[in-house]
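Everything in the sequence shown is counted per UniProt numbering, starting at 14 for the first residue and increasing by one.
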Amino acid sequence: GATLGVMGGGQLGRMFVHAAQAMGYATAVLEADAASPAGQASQHQVLAAYTDAQGLAQLADLSTAITTEFENVPAQALQTLAAQRFVAPAAAAVAVCQDRAAEKAHFQSCGVPCAPYAVIESAEQLAAVADELLPGILKTARLGYDGKGQARVRNRDELAAAWAAMKQAPCVLEKLLPLHREISVVLARGIDGACVELPVQQNLHRDGILAVTQVPAPDVPEALQRQAVDCARSVAASLQYVGVLCVEFFVLADGRLVANEMAPRPHNSGHYSIDACDVSQFELQVRTMAGLPLVSPRLHSPSVMLNLLGDLWFDAQGHERDPAWAGVLALPGVHLHLYGKADPRRGRKMGHLTVTAASAAQARATALQAADVLGLPAF
Ligand code: ATP
Ligand code: MG
Ligand code: MG
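Right under this line is the structure:
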């Protein structure tokens, strides 16, 4: 049988590996850490850095097609692999997603609105920032995730201090917008341009980290959801994107839709699709790599996903313990996913759970019970 390769060994790679294996593929994971979530689940592991020429050659030898689960894999590495094997998404598309300045320029070129922003790469650009961008959020252009590499700034003094603290790395300053809700679109696009998407997710973040995803989105009008899907499709089409892509959006207090950022891979907000849809985002990823047909995923159960961060592994005294799994698994429709990470840390994504039910109200009620059992805040 064929072997599908993936760059990166995190939980997204692990769930990709599970989906690929369920469909009869073997998998190969390139990742330096021998105990990675994806590597532990894969038939083949290539223990190497993303830039290691030998490692890349080994992954290419093993694989018929290669994807990435890590959005910051060097675009050059994907380029190198593409000389030998089918690689999806392509290096050029991933490169746009890796740089907030390029990403925002791409949104604008597609006519997709984003937050007012300025690129800050020099002291001159810092001084030239328009007053209307403050208060704002300064974000490093590259390598940020889970709210890391970001600082909220109220005025020019705080902006200058924050940029200095970021060692004057290339940044984007975004205007702080009044958010009503956040939603995301996960789509899959094939080589032939055929495109399908998951039902739209409504997302709640805490401290810059995704905490809760609800589907169907309870508080966002369907017309706005359709608009988000149209935006995501045009963003993908103009990148000639192949693979799974997530576009995050803000719904503003005045009802406008604004694109936030995108990820060139399956997304945390799409994890519910494993348990609540007849085709998951990871199966879609497998299908785009293998050139198989894409069909629209159908939501068979309303669902709520709760992220399980490392904080849950510590009691009030700061001692490590296992969360109360028996208590949540006693609730109907709870699907527990743990990523096989040995060392819990605060803010680290250790797993998630998805609650499915016959109605959205029931899914929410059970998810609130699960949150209560675990000591998570209500939503
Ligand atoms: P991810 O883990 O999703 O990649 P990230 O570190 O790239 O996160 P963003 O998505 O840019 O960070 O921002 C994290 C969260 O911060 C957003 O989901 C939103 O809640 C809030 N946020 C970001 N930008 C703005 C803004 N311009 N105005 C208001 N809130 C914002
Ligand atoms: Mg991001
Ligand atoms: Mg984000």
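We put the CB at the ideal spot given by N, CA and C, even for glycine.
Remark: the shortest separation between the CB of K180 and any heavy atom of ligand 1 does not fall under 7 Å. Counting C-beta pairs with one atom in each stretch, the stretch 109-129 and the stretch 71-89 have three or more that are closer than 8 Å, which means they touch. For C123, the three-state secondary structure derived from DSSP is coil. The residue from Q56, L69, F83 and A39 with its alpha-carbon nearest to that of G23 is F83.
Closer than 7 Å to some heavy atom of ligand 2: that describes the Cβ of E274. Using a C-beta cut-off of 8 Å, the stretch 195-214 makes contact with the stretch 282-302, since at least three inter-stretch Cβ pairs fall below that distance.
In this structure N320 is buried. Its beta-carbon is surrounded by 16 or more other beta-carbon atoms within 10 angstroms. Short note on E84: C-beta not closer than 7 Å to any heavy atom of ligand 3.
By the neighbour-count criterion, in which a residue is buried when 16 or more other Cβ atoms sit within 10 angstroms of its Cβ, A207 is exposed.
Contact fails between the stretch 139-155 and the stretch 291-308, because fewer than three Cβ pairs, one in each stretch, are under 8 Å apart.
Per DSSP, the unbroken beta strand (DSSP E) holding S316 starts and ends at S316 to L322.
Contact fails between the stretch 219-232 and the stretch 325-340, because fewer than three Cβ pairs, one in each stretch, are under 8 Å apart.
DSSP links T301 through a beta bridge to no other residue. For ligand 2, no non-hydrogen atom lies closer than 7 Å to the CB of Y130. Collapsing the DSSP output to three states places S49 in coil.
Remark: C-beta atoms of E195 and F262 approach each other more closely than 8 Å. CA-to-CA, the gap between H119 and Y158 works out to about 20 Å. Annotation: the continuous beta strand (DSSP E) that includes L265 extends over G256 to L265.
Positions of the alpha helix (DSSP H) runs, each at least 4 residues long and wholly inside the stretch 213-282, are given as 235-251 in order along the chain. In the three-state scheme derived from DSSP, where H, G and I count as helix and E and B as strand, G346 is classed as coil. For ligand 2, a non-hydrogen atom lies closer than 7 Å to the CB of G157. Contact between V368 and V317 holds, since their C-beta atoms are separated by about 5 Å, short of 8 Å. By the Cβ-count criterion, I204 is exposed, with fewer than 16 other Cβ atoms from all chains shown falling within 10 Å of its own Cβ. For V341, the secondary structure class from DSSP, reduced to helix, strand or coil, is helix. For ligand 3, no non-hydrogen atom lies closer than 7 Å to the CB of E296. Apart from the 5 residues on each side of it in sequence, D74 has no Cβ closer than 7 Å to any other Cβ in its chain. Annotation for H218 indicates a beta carbon within 7 Å of some heavy atom of ligand 1. The three-state secondary structure of A131, taken from DSSP, is strand.
Sorting A173, L305 and L258 by C-alpha distance to the C-alpha of A136 places A173 at the top. Following the DSSP letters along the chain, one finds G149 inside the beta strand (DSSP E) bounded by residues G149 to T153. The three-state reading of DSSP puts F99 in strand, counting E and B together. Note on geometry: alpha-carbon atoms of I287 and M28 lie some 9 Å from one another.
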